[in-house]
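Single-structure report; data block below.
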Ligand SMILES: *[C@@H]1O[C@H](CO)[C@@H](O)[C@H](O)[C@H]1NC(C)=O
Ligand SMILES: *[C@@H]1O[C@H](CO)[C@@H](O)[C@H](O)[C@H]1NC(C)=O
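In mature numbering (1 follows the signal peptide of the UniProt record, and there is no 0), the protein residues as written are -18 to -1, 1 to 308.
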């Protein structure tokens, strides 16, 4: 192979590398350079979050966190001293998908190098689908959101729907689905009633948070061959909850329950891989908080490794579900 062939090969490799996700030569915009002509170098970071503090990830909450993070020694040591950050904020009104897209376009026009947010699933999906096409070679999008199962699929090439998206949260709805599936498997339970209020918990992942969670659950329950019945509480068929519960459960279980009294059994060391140390305790105390907010009487009881589950159920709940309902 002569030097011409080598040269041709090199130039083909060069072209392949410099193409963007649209398969085109990038058209550089001078404003995208990190350093300006005076040698001032800054990364323009755009926060695409709602101002509305109903949502967990909102501008008034997240902005101070970034300010503090930037001041910390560890973060300062990670970047060269001549590199500064410029924070730009965009209000994604009510975490809505349409506002998220227009905010992303505004941020792109302002030459942002990186997006933080959106954190609501529908808003995130709309923006994360296009960030791979923005700028020279795509704009990275970092978010604590992205709970629905679509977001946990691989995203390493241009062909992947959410290429350029980085989820920093270790927990998604898929993990919660497998938590339920593992419990079902453990007791050899086969059927499940999914009671769902589609527009609840919008503060967590925006519009239809619970609907998306249910969709994720359904997706994996199907894969794992567990029969489920979905009950959307917003369509009551003219019946109250008590009647609907009887309808959906086929008159089987309701009389056994006093629905406002709940015993929460947990294992402190569970779910360490998802939540960290004392994962089970953290998870249980979060569920505990929500139950109390909904006016349930909750009794938290820690499971001891040396006491069998059936025995603990008898002691704390007064009924050994494991053997009777298997
Ligand atoms: C904040 O968002 C919630 C949920 O979408 C909405 O009900 C509320 O009206 C909003 N508040 C303001 C001040 O816009
Ligand atoms: C639900 O409806 C049934 C039948 O009409 C009635 O007996 C019961 O008291 C209702 N329950 C509640 C909680 O309203």
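Heads up, the beta-carbon is just placed ideally off N, CA and C, and yes, glycines get one too. All values derive from a computational prediction rather than experimental measurement.
Check: Where does residue 210 sit, in a helix, a strand or coil, going by DSSP?
Finding: Residue state, collapsed to three classes: strand.
Note to self: Which residue marks the beginning of the beta strand (DSSP E) containing residue 225, and which one marks its end?
What the structure shows: Careful: residue 225 lies outside any beta strand (DSSP E), inside the alpha helix (DSSP H) at 223 to 231.
Margin query: For residue 78 and residue 102, I'd like the C-alpha separation in whole angstroms.
Written below: Computed Cα separation, rounded: 8 Å.
Check: Between which two residues does the alpha helix (DSSP H) carrying residue 197 extend?
Finding: Residue 197 -> alpha helix (DSSP H) spans 191 to 205.
Check: DSSP on residue 279, reduced to helix/strand/coil?
Finding: In the structure shown, residue 279 sits in a strand (DSSP, three-state: E or B).
Next item on the list: May I ask you to report which of helix, strand or coil DSSP gives residue 160?
Entry: In the structure shown, residue 160 adopts helical secondary structure according to DSSP, grouped into three states.
Check: What three-state label does DSSP hand residue 167 in the structure shown?
Finding: Residue state for residue 167 is assigned as helix, using DSSP reduced to three classes.
Next item on the list: May I ask which residues mark the beginning and end of the alpha helix (DSSP H) holding residue 181?
Entry: Unbroken run through residue 181: none, as it is neither H nor E.
Item checked: For residue 125, the nearest candidate out of 63, 7, 186 and 283 (CA to CA) -> Ranked by Cα distance from residue 125, the options 63, 7, 186 and 283 are led by 186.
Margin query: So, for residue 64: in the same chain, excluding its five sequence neighbours on each side, which residues have a beta-carbon less than 7 Å away from its beta-carbon?
Written below: Only 23 meet the Cβ criterion.
Next item on the list: Compute the Euclidean distance between the alpha carbons of residue 298 and residue 245, then round it to the nearest angstrom.
Entry: Near 7 Å, if we compare the C-alpha coordinates of residue 245 and residue 298.
Check: How long is the line joining the alpha carbons of residue 268 and residue 279, rounded to whole angstroms?
Finding: Approximately 15 Å, taken between the alpha carbons.
Check: What whole-angstrom Cβ distance do residue 94 and residue 52 have, given they're in contact under 8 Å?
Finding: The Cβ separation is near 17 Å, so there is no contact.
Notebook entry, point to check: Span of the alpha helix (DSSP H) holding residue 293?
Noted result: Note, residue 293: alpha helix (DSSP H), 291 to 298.
Next item on the list: Taking only heavy atoms of ligand 3 into account, decide whether any of them is closer than 7 Å to the Cβ of residue 226.
Entry: Within the structure as shown, ligand 3 is missing, the only ligands being ligand 1 and ligand 2.
Note to self: Quick check: the segment 284 to 298 against the segment 247 to 262, are at least 3 beta-carbon pairs closer than 8 Å?
What the structure shows: When Cβ pairs closer than 8 Å are counted between the two stretches, the segment 247 to 262 is seen to touch the segment 284 to 298, the count reaching three or more.
Check: In three-state DSSP terms, what is residue 66?
Finding: Strand at residue 66.
Check: Can you find at least 3 beta carbon pairs, one from the segment 199 to 219 and one from the segment 160 to 177, that sit closer than 8 Å?
Finding: Under the Cβ criterion (8 Å, minimum of three pairs), the segment 199 to 219 counts as touching the segment 160 to 177.
Note to self: Per DSSP, what are the beta-bridge partners of residue 149 in this structure?
What the structure shows: DSSP output for residue 149 lists 125 as bridge partner(s).
Check: Should residue 74 be labelled buried (16 or more other beta-carbon atoms within 10 Å of its own) or exposed?
Finding: Per the 10 Å Cβ criterion, buried.
Notebook entry, point to check: Can residue 280 be considered in contact with ligand 1, in the sense that its beta carbon sits closer than 7 Å to one or more heavy atoms?
Noted result: Every heavy atom of ligand 1 is 7 Å or more from the Cβ of residue 280, so no.
Item checked: For review: beta carbons within less than 6 Å of any heavy atom in ligand 1 -> Working through the chain, the matches are 34, 36, 76 and 184.
Next item on the list: Return the Cβ separation of residue 61 and residue 27 in integer angstroms, given the expectation that the two are a contact with Cβ distance under 8 Å.
Entry: About 12 Å; that fails the 8 Å criterion.
Note to self: To the nearest angstrom, how far is the alpha carbon of residue 45 from that of residue 272?
What the structure shows: Taken atom to atom, the span from the alpha-carbon of residue 45 to that of residue 272 is near 27 Å.
Next item on the list: Report yes if the C-beta of residue 201 is less than 7 Å from at least one heavy atom of ligand 2; otherwise report no.
Entry: Outside the cutoff, so no.
Item checked: Coil, strand or helix - residue 38 by DSSP -> Coil.
Item checked: Completely contained alpha helix (DSSP H) runs for the segment 46 to 117, where each covers 4 or more residues -> Whole alpha helix (DSSP H) segments, 4+ residues: 55 to 60, 79 to 91 and 103 to 110.
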